[in-house]
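Reading through the C-alpha cells given below for one structure.
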Amino acid sequence: MLELLHGRRVCVLTGAGISTDSGIPDYRGPDSPPRNPMTYQQFVGDPSFRRHYWARNHLGWRHMDAAQPNTGHRAVADLERAGVVHGVITQNVDLLHTKAGTRRVIDLHGSYAQVRCLDCGARLSRMTLAERLDAANPAFADTVAGATGVEIAPDADAVIETTDHFLMVDCAECGGMLKPDIVYFGESVPKPRVAAAFEMVSDADALLVVGSSLTVMSGLRFVRRAARDGLPIVIVNRGTTRGDEFATLKIEQGCSDVLQSLVSALPA
Ligand SMILES: [Zn+2]
1 MLELLHGRRV
11 CVLTGAGIST
21 DSGIPDYRGP
31 DSPPRNPMTY
41 QQFVGDPSFR
51 RHYWARNHLG
61 WRHMDAAQPN
71 TGHRAVADLE
81 RAGVVHGVIT
91 QNVDLLHTKA
101 GTRRVIDLHG
111 SYAQVRCLDC
121 GARLSRMTLA
131 ERLDAANPAF
141 ADTVAGATGV
151 EIAPDADAVI
161 ETTDHFLMVD
171 CAECGGMLKP
181 DIVYFGESVP
191 KPRVAAAFEM
201 VSDADALLVV
211 GSSLTVMSGL
221 RFVRRAARDG
231 LPIVIVNRGT
241 TRGDEFATLK
251 IEQGCSDVLQ
261 SLVSALPA
C-alpha cells in the first residue's frame with residue numbers, strides 16, 4: 001500500500017466502517033443485522049412512518065452528536081496536514097472527519113446536524129429543532145431513553161417501539177415539512193455536491209476507499225471514475241465491496257489500523 005500511495009495526492013472516500021470504532025454501527029458490515037433503511041418516499045408519503053422516524057431520530061441524533069472521532073478519523077486528518085490526503089469524500093453523516101480536524105471534507109449524504117424544510121428550503125440546526133421537539137414532547141426523552149439503552153442506527157435513528165404519541169413539528173417559516181438534511185434511499189445527492197466530489201477525484205493521484213462496501217452508486221461512481229482515469233485504487237474494507245473489481249489493492253483489515261499505519265510511515 002505504501003508503495004502505491006507514495007508521493008501521490010490521495011483522495012479518500014469513506015463509509016460507515018470508519019465510524020464503527022466511534023460507536024456508530026455499520027449496518028452493512030458482514031456481522032451486522034440486516035436493516036431496512038427508510039426511503040425518501042416513505043418519509044414524505046406516510047405521516048405515521050414520519051412520526052416514528054422523528055421519534056427515533058430525536059433520540060438517535062444526540063448519540064451521534066456526542067460521538068467522538070477515532071484513530072482512523074484522526075489519522076486521515078494527520079495525513080491531510082502532511083499533504084498526503086488532498087480531500088475526503090464521506091458517505092457518513094456523522095461529521096467525525098470535520099470533528100477530527102480534516103479541512104477539506106465533502107459530506108456526500110449530508111449531515112445529521114442540519115434540518116431542511118422541503119417546502120421553502122429554510123435550514124435550521126438539529127439543536128434548534130431538538131428544542132422545539134422537546135417543548136412539544138416534554139416527557140418523551142425521559143420515558144424512552146430512561147427505560148433501556150437505546151440502539152442507534154448509522155443515520156442517527158434510535159431503534160425504539162413506542163412512538164405513537166410523539167408530536168412532530170413543522171417549519172416555523174412556512175408550516176412545511178421538515179426533514180433531516182440527509183440523503184436517503186430514493187433521493188439523489190445534490191448535483192453541485194456530486195460535481196465537487198468528482199473534481200476532488202480528478203485532482204487526486206490515487207483513491208483510497210475506507211470502510212465502505214460501495215453498495216450504492218453514490219459512492220461507487222467515484223471508484224469508476226478513478227478507474228477510468230487510471231488512478232491506483234486501494235480499498236480497505238472487511239468483506240466484499242462492489243468496487244473490488246476496480247481495486248489495485250484490497251486490504252481486509254480494520255480501518256483505524258490501516259490508516260494509523262500510513263501515519264506511522266510518514267517521514268518524521
Ligand atoms: Zn418552510
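Last residue of the sequence shown: number 268 in this note's numbering, and the count goes up by one each step with no gaps. Idealized CB from N, CA, C, for every residue including glycine.
Residue nearest to residue i in terms of C-alpha spacing, selected from the options
{"i": "Asp119", "options": "Ile89, Asp170, Ala136", "result": "Asp170"}
{"i": "Ala227", "options": "Asn137, Arg8, Ala206", "result": "Ala206"}
{"i": "Met217", "options": "Phe185, Leu133, Ala113", "result": "Phe185"}
{"i": "Ile106", "options": "Gly87, Gln68, Leu79", "result": "Gly87"}
{"i": "Leu249", "options": "Pro180, Pro232, Ser264", "result": "Pro232"}
{"i": "Ala113", "options": "Arg104, Arg103, Asn92", "result": "Asn92"}
{"i": "Val10", "options": "Asp203, Ile182, Thr39, Glu173", "result": "Asp203"}
{"i": "Gly23", "options": "Gln42, Tyr40, Trp61", "result": "Trp61"}
{"i": "Lys99", "options": "Ala67, Pro25, Thr240, Leu220", "result": "Ala67"}
{"i": "Ala268", "options": "Phe222, Leu79, Val258, Val85", "result": "Leu79"}
For residue i, three-class secondary structure by DSSP
{"i": "Gln260", "result": "helix"}
{"i": "Ala265", "result": "coil"}
{"i": "Gly87", "result": "strand"}
{"i": "Ala195", "result": "helix"}
{"i": "Leu4", "result": "helix"}
{"i": "Leu231", "result": "coil"}
Check: residue i C-beta below 6 Å from any heavy atom of ligand 1
{"i": "Asp181", "result": "no"}
{"i": "Asp119", "result": "yes"}
{"i": "Cys174", "result": "yes"}
{"i": "Cys11", "result": "no"}
{"i": "Cys255", "result": "no"}
{"i": "Arg195", "result": "The sequence shown places Ala at residue 195, rather than the Arg named in the question. Outside the cutoff, so no."}
{"i": "Ala113", "result": "no"}
{"i": "Ala16", "result": "no"}
C-alpha gap between residue i and residue j, whole angstroms
{"i": "Ser234", "j": "Pro47", "result": "Looking at the sequence shown, residue 234 is not Ser but Val. Computed Cα separation, rounded: 43 Å."}
{"i": "Leu208", "j": "Val236", "result": "8 Å"}
{"i": "Ser261", "j": "Gly15", "result": "19 Å"}
{"i": "Ile59", "j": "Leu4", "result": "According to the sequence as given, residue 59 is Leu; it is not Ile. Roughly 43 Å between the two C-alpha positions."}
{"i": "Gly149", "j": "Gly17", "result": "For Gly149, the predicted structure reports a pLDDT of 46, less than 50, and the residue's modelled location is therefore unreliable. The matter cannot be settled from this model."}
{"i": "His73", "j": "Ala139", "result": "36 Å"}
{"i": "Tyr53", "j": "Gln253", "result": "34 Å"}
{"i": "Arg242", "j": "Ala136", "result": "44 Å"}
{"i": "Arg238", "j": "Thr215", "result": "14 Å"}
{"i": "Ala77", "j": "Ala55", "result": "34 Å"}
{"i": "Phe49", "j": "Lys191", "result": "28 Å"}
Delimiting residues of the beta strand (DSSP E) encompassing residue i
{"i": "Asp181", "result": "178-182"}
{"i": "Gln114", "result": "110-117"}
{"i": "Val12", "result": "10-14"}
{"i": "Leu220", "result": "It is not in any beta strand (DSSP E) - Leu220 instead sits in the alpha helix (DSSP H) that spans 217-228."}
Bounding residues of the alpha helix (DSSP H) (the contiguous stretch that carries residue i)
{"i": "Thr128", "result": "126-136"}
{"i": "Val105", "result": "Taken as a continuous stretch (DSSP letters only), Val105 belongs to no alpha helix (DSSP H), being part of the beta strand (DSSP E) at 105-107."}
{"i": "Gly175", "result": "Element bounds for Gly175: n/a, residue is neither H nor E."}
{"i": "Ala206", "result": "Premise fails: Ala206 lies in the beta strand (DSSP E), 206-210, not in any alpha helix (DSSP H)."}
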